[in-house]
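Accompanying notes for the structure given below.
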Amino acid sequence: MSGQSVARSARTGGAPAAADVARRRGPAAPRDLARRARASLRGPAARRSGWVVVDQGLSSLTTFAVSVVVAREVPGGVFGAFATALLATVVVVNLGRGLVSQPLAIRVSARRDQRADVAAAAGASVGVGILAGVPIAAAGFALGGPVGRALAVAGVFMPVLVLQDAWRFCLFTMGRPRRAAAIDLLWAVLAVTLPPAVAGAGVGALVAAWAAGAAASALLGLRLVGVVPDLPGGVRFVRRHLALGWRYTVEAAIVTSTTQVSVLVVGVAVGAAGVGAIRGATTLFGPFTVLFLALMSGGIAEGSRLLARAPHRLVPVLVGASLGMAALPCAWAVALLVMPDGWGPQVLGDTWEPARALVVPLMAKTAATGAASGALIGLRVVAAARATLRLRLVTGVATLAAGAVGAGVAGVSGAVWGLALGTWATALGAWWQLARVPVAQPGPFAGGRDDREGTGS
Numbered sequence: 005m006s007g008q009s010v011a012r013s014a015r016t017g018g019a020p021a022a023a024d025v026a027r028r029r030g031p032a033a034p035r036d037l038a039r040r041a042r043a044s045l046r047g048p049a050a051r052r053s054g055w056v057v058v059d060q061g062l063s064s065l066t067t068f069a070v071s072v073v074v075a076r077e078v079p080g081g082v083f084g085a086f087a088t089a090l091l092a093t094v095v096v097v098n099l100g101r102g103l104v105s106q107p108l109a110i111r112v113s114a115r116r117d118q119r120a121d122v123a124a125a126a127g128a129s130v131g132v133g134i135l136a137g138v139p140i141a142a143a144g145f146a147l148g149g150p151v152g153r154a155l156a157v158a159g160v161f162m163p164v165l166v167l168q169d170a171w172r173f174c175l176f177t178m179g180r181p182r183r184a185a186a187i188d189l190l191w192a193v194l195a196v197t198l199p200p201a202v203a204g205a206g207v208g209a210l211v212a213a214w215a216a217g218a219a220a221s222a223l224l225g226l227r228l229v230g231v232v233p234d235l236p237g238g239v240r241f242v243r244r245h246l247a248l249g250w251r252y253t254v255e256a257a258i259v260t261s262t263t264q265v266s267v268l269v270v271g272v273a274v275g276a277a278g279v280g281a282i283r284g285a286t287t288l289f290g291p292f293t294v295l296f297l298a299l300m301s302g303g304i305a306e307g308s309r310l311l312a313r314a315p316h317r318l319v320p321v322l323v324g325a326s327l328g329m330a331a332l333p334c335a336w337a338v339a340l341l342v343m344p345d346g347w348g349p350q351v352l353g354d355t356w357e358p359a360r361a362l363v364v365p366l367m368a369k370t371a372a373t374g375a376a377s378g379a380l381i382g383l384r385v386v387a388a389a390r391a392t393l394r395l396r397l398v399t400g401v402a403t404l405a406a407g408a409v410g411a412g413v414a415g416v417s418g419a420v421w422g423l424a425l426g427t428w429a430t431a432l433g434a435w436w437q438l439a440r441v442p443v444a445q446p447g448p449f450a451g452g453r454d455d456r457e458g459t460g461s
């Protein structure tokens with residue numbers, strides 16, 4: 005043993021230093037690396053992540069399936085009114101996630117005593133539903149007609165619709181995503197069975213039947229979470245986390261509006277056929293949307309726990325997640341391009357040929373979303389709300405501009421390449437922002453300015 009090794013051995017009680025042992029053993033054998041990888045995949049975090057994917061798949065499938073079922077059972081005008089109520093609900097639920105659910109996952113996932121915060125967050129979600137549901141219902145009654153009736157019923161049920169989604173994030177925060185999947189499974193079953201039973205009773209009954217499934221699911225959530233929504237505590241919860249909540253709410257509004265406006269802008273430039281081709285190609289990459297949503301939904305809670313337990317591991321895990329989520333769409337695109345010619349029309353019909361021409365640019369866009377996912381989760385985990393809000397403002401405008409310019413220069417393909425360029429700008433900006441944050445620090449948070457602001461009122 006060298007002199008330096010002896011000195012280190014003396015300081016450590018006579019045992020050779022770990023670095024010396026590792027140096028003598030050399031790099032880990034591939035068999036050791038494979039064994040560690042298998043062990044990590046069997047770990048509690050991996051199992052929880054798997055259930056998050058299952059839950060997000062059920063949630064996304066429910067929205068898609070109920071739209072298909074209702075569209076087949078009712079006339080086009082009635083379906084349009086139902087879709088309007090569905091869109092209003094999605095908007096309110098997303099805003100509730102930003103204001104309540106995401107701050108809950110960031111602040112509470114690493115704590116041992118969670119019940120009071122979970123009850124307060126559930127109460128705050130009910131409050132969001134009430135504050136949004138009252139004007140929506142009033143507007144529906146004033147508007148009248150099928151759309152008005154649909155909005156009125158949705159407004160009445162809005163508190164329970166928001167609570168149903170909030171229970172999912174409460175269970176993610178508590179490390180129980182399997183129970184969240186049970187909640188969404190119940191709603192998935194009821195959402196596709198109840199509305200067809202009342203299809204002939206008008207759009208109001210249709211929306212009520214759909215929302216009744218959410219109410220039953222929320223009641224199951226009440227049982228599985230084990231807390232009662234605390235409305236007064238919800239007010240205090242929103243005040244305590246307002247520095248995060250209002251920024252995430254605005255960010256959710258920016259992301260939602262950017263998506264919708266980009267469709268309108270590109271649609272004006274390329275026409276209905278071009279939008280149809282883009283939608284068709286997007287459908288081919290739909291499973292990755294579910295994966296991205298699952299990663300964002302469960303990744304915040306898991307990342308917060310990892311930051312509290314082993315902060316030095318957070319960034320490597322996020323990098324690995326992003327690399328995987330960026331590589332999967334590339335492999336899928338290759339499979340789409342080399343599969344037999346007769347398979348595509350079986351899935352998309354006449355839309356297949358124009359959609360196939362967009363596989364490569366849409367692959368680039370989807371891979372960019374995957375590349376951004378790890379950094380966006382990291383910025384959430386360290387509560388860098390101000391950074392992500394600035395990022396969304398800048399890249400949202402850039403994405404719209406790039407899509408419009410691309411459509412004007414090269415038509416449908418140029419539009420998708422432009423949107424892909426904007427998405428890559430988001431990914432690069434997110435990783436640049438995360439690199440500026442001192443992530444690997446002990447304690448429940450990373451210590452940015454947004455953290456200190458978020459702990460006060």
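With our numbering applied, the sequence shown has no gaps in its numbers, which climb one by one up to 461 at the end. Ideal placement from N, C-alpha and C gives every residue a C-beta, glycine not left out.
Worksheet item: Quick one: what does DSSP say Gln437 is sitting in, helix, strand or coil?
Response: Against the sequence shown, residue 437 aligns to sequence position 433. Residue state for Gln437 is assigned as helix, using DSSP reduced to three classes.
Worksheet item: What's the gap between the Cα of Ala312 and the Cα of Arg390?
Response: The residue you call residue 312 lines up with position 308 of the sequence shown. The residue you call residue 390 lines up with position 386 of the sequence shown. The C-alpha of Ala312 lies about 22 Å from the C-alpha of Arg390.
Practice prompt. Would you identify the three-state DSSP class for Val193, choosing helix, strand or coil?
Written response: Locating residue 193 in the sequence shown gives position 189, counting from the first residue. Helix, per DSSP.
Discussion item. If you reduce the DSSP assignment to three classes, tell me which class Val95 lands in.
Written reply: Taking the sequence shown and counting its residues from 1, one reaches residue 95 at position 91. Residue state for Val95 is assigned as helix, using DSSP reduced to three classes.
Worksheet item: Given a threshold of 16 other Cβ atoms within 10 Å of its Cβ, counted over all protein chains shown, does Ala146 qualify as buried or as exposed?
Response: What you label residue 146 is simply residue 142 of the sequence shown in a count that begins at 1. With fewer than 16 Cβ atoms within 10 Å of its Cβ, Ala146 is classed as exposed.
Item to complete: Out of Ala128, Thr286, Ala387 and Ala126, state which residue places its alpha-carbon closest to the alpha-carbon of Trp336.
Response: Residue numbering aside, residue 336 sits at position 332 when the sequence shown is read from its first letter. Of the candidates Ala128, Thr286, Ala387 and Ala126, the one whose C-alpha sits nearest the C-alpha of Trp336 is Thr286.
Worksheet item: Residues in its own chain within less than 7 Å of Val409 by CB, not counting five upstream and five downstream?
Response: As a position in the sequence shown, residue 409 is number 405, starting the count at 1. By the criterion of a C-beta distance shorter than 7 Å, Val409 is surrounded in its chain by Gly422, once the five residues flanking it on both sides are discounted.
Discussion item. Please tell me whether Ala222 and Ala213 are closer than 9 Å, where the distance is taken between their beta carbons.
Written reply: Working through the sequence shown from its first residue, we reach residue 222 at position 218. Working through the sequence shown from its first residue, we reach residue 213 at position 209. No, they are not a contact pair.
Worksheet item: Could you give the uninterrupted runs of the alpha helix (DSSP H) lying entirely in the segment 301-388, keeping only those of 4 residues or more?
Response: With a minimum length of 4 residues, the continuous alpha helix (DSSP H) runs that stay inside the segment 301-388 are 318-342, 347-352, 356-360 and 363-385.
Worksheet item: Taking contact to mean at least 3 C-beta pairs separated by less than 8 Å, is the segment 123-137 in contact with the segment 87-100?
Response: They touch, by the three-pair rule.
Fill in: Gly433 versus Ala424: straight-line alpha-carbon distance, rounded
For the purposes of this step, residue 433 is identified with residue 429 of the sequence shown, where counting begins at 1. For the purposes of this step, residue 424 is identified with residue 420 of the sequence shown, where counting begins at 1. Note on geometry: alpha-carbon atoms of Gly433 and Ala424 lie some 14 Å from one another.
Item to complete: Count the other CB atoms, across all protein chains shown, that sit within 10 Å of the CB of Asp354; report buried if there are 16 or more and exposed otherwise.
Response: Mapped onto the sequence shown, residue 354 falls at position 350. Around the Cβ of Asp354, a 10 Å sphere holds fewer than 16 other Cβ atoms; the residue is exposed.
Discussion item. Quick check on the DSSP output: the alpha helix (DSSP H) that includes Phe161 runs from which residue to which?
Written reply: In the sequence shown, residue 161 corresponds to position 157, counting from 1. In this chain, the alpha helix (DSSP H) harbouring Phe161 covers Gly149 to Thr177.
Worksheet item: Would DSSP call Asp121 helix, strand or coil?
Response: To locate residue 121, count along the sequence shown from 1; it is residue 117. In the three-state reduction of the DSSP assignment, Asp121 falls in the helix class, which pools H, G and I.
Practice prompt. To the nearest angstrom, report how far apart Thr269 and Gly407 are at their CA atoms.
Written response: In the sequence shown, residue 269 corresponds to position 265, counting from 1. In the sequence shown, residue 407 corresponds to position 403, counting from 1. The amino acid at residue 269 is misidentified as Thr; the sequence shows Val. For Val269 and Gly407, the distance between alpha carbons rounds to 8 Å.
Worksheet item: Do you know offhand how far Trp385's Cα is from Ser105's?
Response: Counting from 1 along the sequence shown, the entry for residue 385 is found at position 381. Counting from 1 along the sequence shown, the entry for residue 105 is found at position 101. Going by the sequence as given, residue 385 is Val instead of Trp. Between the alpha carbons of Val385 and Ser105 lies a gap of roughly 13 Å.
Practice prompt. Select from Ala114, Leu155, Gly307 and Gln118 the residue whose C-alpha is nearest the C-alpha of Phe83.
Written response: The residue you call residue 83 lines up with position 79 of the sequence shown. For the set Ala114, Leu155, Gly307 and Gln118, the Cα lying nearest the Cα of Phe83 is the one of Leu155.
Item to complete: Could you tell me whether the Cβ atoms of Thr253 and Gly102 are closer together than 9 Å?
Response: Position 249 of the sequence shown, counted from the first residue, corresponds to residue 253. Position 98 of the sequence shown, counted from the first residue, corresponds to residue 102. Yes; because the gap between Cβ atoms is below 9 Å, this pair is in contact.
Worksheet item: In three-state DSSP terms, what is Asp234?
Response: Taking the first residue of the sequence shown as position 1, residue 234 is located at position 230. In the structure shown, Asp234 sits in coil (DSSP, three-state: anything other than H, G, I, E or B).
Practice prompt. Evaluate Thr263 with the Cβ neighbour count: other Cβ atoms within 10 Å of its Cβ, from every protein chain shown; 16 or more gives buried, anything less gives exposed.
Written response: Residue mapping note: residue 263 aligns to position 259 of the sequence shown, counting from 1. Exposed is the label assigned to Thr263, since fewer than 16 other Cβ atoms lie within 10 Å of its Cβ.
Discussion item. Looking at the secondary structure, which residues open and close the alpha helix (DSSP H) in which Gly206 lies?
Written reply: Residue mapping note: residue 206 aligns to position 202 of the sequence shown, counting from 1. Here Gly206 belongs to no alpha helix (DSSP H), and DSSP marks it neither H nor E.
Fill in: 7 Å Cβ shell around Arg240 - same chain, five flanking residues per side excluded
Numbered from 1 along the sequence shown, position 236 holds the residue referred to as residue 240. Result list for Arg240: Ala124, in chain order.
Practice prompt. Return the CA-CA distance between Gly382 and Thr373, expressed in angstroms with no decimal places.
Written response: On the sequence shown, position 378 is the one that residue 382 refers to. On the sequence shown, position 369 is the one that residue 373 refers to. Counting only the Cα atoms, Thr373 lies some 14 Å from Gly382.
Discussion item. Taking its Cβ as the centre, do 16 or more other Cβ atoms sit within 10 Å of Met343, making it buried, or is it exposed?
Written reply: Translated into positions along the sequence shown, residue 343 becomes position 339. Around the beta carbon of Met343, fewer than 16 other beta carbons sit within 10 angstroms, so the residue counts as exposed.
Worksheet entry | For Pro465, the three-state DSSP class (helix, strand or coil) | The structure shown does not extend to residue 465, since the chain is modelled only from 5 through 461, so no value can be given for it.
Worksheet item: Residues in its own chain within less than 6 Å of Trp428 by CB, not counting five upstream and five downstream?
Response: Taking the first residue of the sequence shown as 1, we reach residue 428 at position 424. Excluding residues within five positions, the ones whose Cβ falls inside 6 Å are Ala372.
Fill in: Any 3 or more C-beta pairs closer than 8 Å across the segment 202-212 and the segment 54-71
No, the segment 202-212 is not in contact with the segment 54-71.
Fill in: Enclosing alpha helix (DSSP H) for Ser113 [first to last residue]
Taking the first residue of the sequence shown as 1, we reach residue 113 at position 109. Judged by DSSP secondary structure, Ser113 falls outside any alpha helix (DSSP H); it is assigned neither H nor E.
Item to complete: Check each candidate in Ala305, Leu248 and Ser377 and name the one with the smallest Cα separation from Thr293.
Response: Residue numbering aside, residue 293 sits at position 289 when the sequence shown is read from its first letter. That would be Ser377, whose Cα lies nearest to the Cα of Thr293.
Worksheet item: Whose CA, out of Met162, Ala136 and Gly179, lies closest to the CA of Gly217?
Response: For this step, residue 217 is matched to residue 213 along the sequence shown. Ranking the options by Cα distance to Gly217, first place goes to Met162.
Worksheet item: Where does Phe289 sit, in a helix, a strand or coil, going by DSSP?
Response: Here residue 289 refers to the residue found at position 285 of the sequence shown. DSSP places Phe289 in coil when its eight states are reduced to three.
Item to complete: For Arg51, count neighbouring Cβ atoms within 10 angstroms of its own Cβ and tell me buried if that reaches 16, exposed if not.
Response: Taking the sequence shown and counting its residues from 1, one reaches residue 51 at position 47. By the Cβ neighbour-count rule, Arg51 is exposed, with fewer than 16 other Cβ atoms within 10 Å of its own.
Worksheet item: Out of curiosity, what's the CA-to-CA distance linking Gly278 and Leu366?
Response: The count along the sequence shown starts at 1 and reaches residue 278 at position 274. The count along the sequence shown starts at 1 and reaches residue 366 at position 362. Cα to Cα, the separation comes out at about 14 Å.
Discussion item. I need the straight-line Cα distance from Val160 to Asp188, nearest angstrom please.
Written reply: The residue you call residue 160 lines up with position 156 of the sequence shown. The residue you call residue 188 lines up with position 184 of the sequence shown. Distance between the alpha carbons of Val160 and Asp188 is about 21 Å.
Worksheet item: So what's Val413 in DSSP terms, helix, strand or just coil?
Response: Along the sequence shown, one-based indexing puts residue 413 at 409. In the three-state reduction of the DSSP assignment, Val413 falls in the helix class.
Discussion item. Please classify Val441 as buried or exposed, where buried requires at least 16 neighbouring CB atoms within 10 angstroms.
Written reply: Looking up residue 441 in the sequence shown gives position 437. Classification of Val441: buried, given that the 10 Å Cβ count is 16 or more.
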